[in-house]
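Using my numbering, you'd call the opening residue of the sequence shown number 53 and step up by one each time.
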Amino acid sequence: MKLVKDQIIQHIENLNIRHVYGVSGANIEDLFSGFQASLKTKPVLAKTEYQACLMAMGSYLVEQKPHLVLTTSGAGVLNTLPVLAEAFTSRIPFVLIAGLVPTSLHGKGGFQDTSNQNGTLDLEAMIRPSVSFLHQVSHAEEVISFLQQAFAAAETTKKPAVLLIPKNIFTEVAESIPAKNLLPSLQVTDLQEITQQLKNLKKSPLLILGEEVIHLKNREKINQLVEKLNAQVAVTPCAKGFFNHRDSRFLGLTGMMGHSAVVEFIEQAESVIIFGSRLDLLSRVGLETALKSKTVFHLSCFSENNYLPVQFNAIGDLDLVITELLNEL
53 MKLVKDQIIQ
63 HIENLNIRHV
73 YGVSGANIED
83 LFSGFQASLK
93 TKPVLAKTEY
103 QACLMAMGSY
113 LVEQKPHLVL
123 TTSGAGVLNT
133 LPVLAEAFTS
143 RIPFVLIAGL
153 VPTSLHGKGG
163 FQDTSNQNGT
173 LDLEAMIRPS
183 VSFLHQVSHA
193 EEVISFLQQA
203 FAAAETTKKP
213 AVLLIPKNIF
223 TEVAESIPAK
233 NLLPSLQVTD
243 LQEITQQLKN
253 LKKSPLLILG
263 EEVIHLKNRE
273 KINQLVEKLN
283 AQVAVTPCAK
293 GFFNHRDSRF
303 LGLTGMMGHS
313 AVVEFIEQAE
323 SVIIFGSRLD
333 LLSRVGLETA
343 LKSKTVFHLS
353 CFSENNYLPV
363 QFNAIGDLDL
373 VITELLNEL
C-alpha cells in the first residue's frame with residue numbers, strides 16, 4: 053500500500069524518465085513536491101504551462117519517448133490547450149497530469165472548479181478534441197492503470213494524452229499495481245510487395261523523407277536505405293535537417309518552399325518513395341503533376357488516408373519498416 057503520488061513517481065522512475073516539466077500550484081503541489089524528493093526523476097519548473105509542454109515535446113524529439121507534464125487546475129491546465137492542439141497536429145506525444153479541485157468541492161464553489169457540475173466549466177469537453185486519451189480519475193486504485201493507458205496511447209498514436217486527478221486522490225492510499233506492457237506488438241502491413249517492386253527498379257528512385265522521421269529511433273538507417281536504393285533524397289519542410297544537406301544525393305526541400313531540382317528529378321524518374329509523410333499542401337505544391345505518371349510508394353506509421361494517390365502503401369512502425377527493407381533489399 054502506497055500513497056498515490058508515490059506510486060505515480062515510482063512508475064515514472066521505472067520508465068527511466070529523468071525529468072518532468074510543469075508549474076506547481078495548489079492542486080498539483082503534492083505530486084510536484086514528491087518529484088523534488090525523487091533521486092531518479094527531477095521536476096523542471098517552467099515559466100508557464102505552455103512552455104512546460106514544449107519542453108516535453110522537445111524531450112520526445114531527442115529521446116523518442118513521451119515525457120510527463122504537471123499542471124494545476126483552472127488557468128494552469130487551460131494554458132496547455134494551444135500546445136495540446138499543436139502536439140496533436142504535429143504528432144509529438146507527451147502525457148499531461150492536471151491536478152483538479154478536491155472531489156468534495158465539485159459543483160460547490162471550489163476555486164478553479166472545472167467539473168462541469170452546477171454551472172462550472174467543462175474541462176474534459178475542451179481537452180478531448182486535442183488528445184488521444186483522456187480520463188478523469190474517480191478512485192485512487194485506478195490511477196496507475198490509467199497512467200499506463202495514457203503512456204501507451206501517447207506512444208502508439210504519437211499524440212498527447214491527459215489524466216485529470218483531483219487533489220485529494222494524490223494523498224490517498226491504494227494498492228500498488230504491477231506495471232503492464234500495454235503497447236501493441238510492432239508489425240508492418242503490405243511491405244512484401246513493396247520490397248519486391250523496389251528490388252526490380254531499373255532507375256534511381258527519389259526518396260522523400262517526411263515529418264514522421266522524428267519517430268525513428270535509429271536515424272542512421274536512413275543513410276543505409278539511401279545507399280541500398282541508390283536513391284536521390286528530398287525532404288519535406290518539417291523534416292528539414294534529417295538528411296545531410298551537403299550529401300551529393302540531397303536535392304533539397306519539397307513543396308511551396310522547395311527546390312526546382314526535386315521536380316526535375318521526379319520528371320525523369322520512374323518511381324518515388326514517400327517515407328513518413330502524407331504530403332500536406334505545403335509539402336506537395338508543385339509535385340502533383342510530376343507524380344501523376346510515376347510509381348509512388350508510401351511508407352507511414354499512421355493509417356490515415358493519403359492526400360495523394362499512391363500505388364503501393366505500407367503501414368507500420370518506421371524503425372521496423374526500415375529494418376525489414378534493409379534486410380530484404
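We put the CB at the ideal spot given by N, CA and C, even for glycine.
Query                                                                                                                                                                              : Result
I need the straight-line Cα distance from A192 to V265, nearest angstrom please.                                                                                                   : 38 Å
Tell me the DSSP bridge mates of K94?                                                                                                                                              : H71
Need the endpoints of the beta strand (DSSP E) that P134 sits in, please.                                                                                                          : Looking at the DSSP string, P134 is not in any beta strand (DSSP E); the run it does join, the alpha helix (DSSP H), is L133 to S142.
If L378 and K280 are in contact, beta carbons under 8 Å, what's the gap, nearest whole angstrom?                                                                                   : 6 Å
Work out the CA separation of Q201 and K117 for me, nearest whole Å.                                                                                                               : 15 Å
Look up G151 in the DSSP assignment and give the residues it is bridged to.                                                                                                        : I217
Do E115 and E90 come within 8 Å of each other at the CB atom, strictly closer than that value?                                                                                     : Correcting the residue identity first, residue 90 is Ser in this sequence and not Glu. For S90 and E115, no; Cβs fall outside 8 Å.
Decide if the stretch 210 to 217 is in contact with the stretch 171 to 184; the criterion is three or more beta carbon pairs, one per stretch, under 8 Å apart.                    : yes
Just curious, the beta strand (DSSP E) that T375 is in, first and last residue?                                                                                                    : Unbroken run through T375 is the alpha helix (DSSP H), L370 to E380; no beta strand (DSSP E).
Which residues share a DSSP beta bridge with N365?                                                                                                                                 : H350
Within a Cβ cutoff of 6 Å, which residues of the same chain sit near V348, ignoring the five residues on either side of it in sequence?                                            : V324, V362 and Q363
Might you give, ordered along the chain, the residues of its own chain that have their beta carbon closer than 8 Å to the beta carbon of I221, omitting 5 neighbours on each side? : V56, T155, V189, H191, A192 and V195
Could you check where the beta strand (DSSP E) with G304 kicks off and where it finishes?                                                                                          : F302 to L305
CA-CA distance, M178 and V278?                                                                                                                                                     : 44 Å
For R330, count the other beta carbons within 10 Å of its own beta carbon; 16 or more makes it buried, fewer makes it exposed. Which is it?                                        : buried
What are the boundary residues of the beta strand (DSSP E) that includes L120?                                                                                                     : L120 to T123
Got a sec? Which residues, its chain only, sit under 7 Å from N296 by beta carbon, not counting five neighbours each side?                                                         : F302
Where do the ends of the alpha helix (DSSP H) carrying Q276 lie?                                                                                                                   : E272 to L281
Under 7 Å Cβ to Cβ from F163, same chain only, skipping five residues before and after it: list those, please.                                                                     : V153
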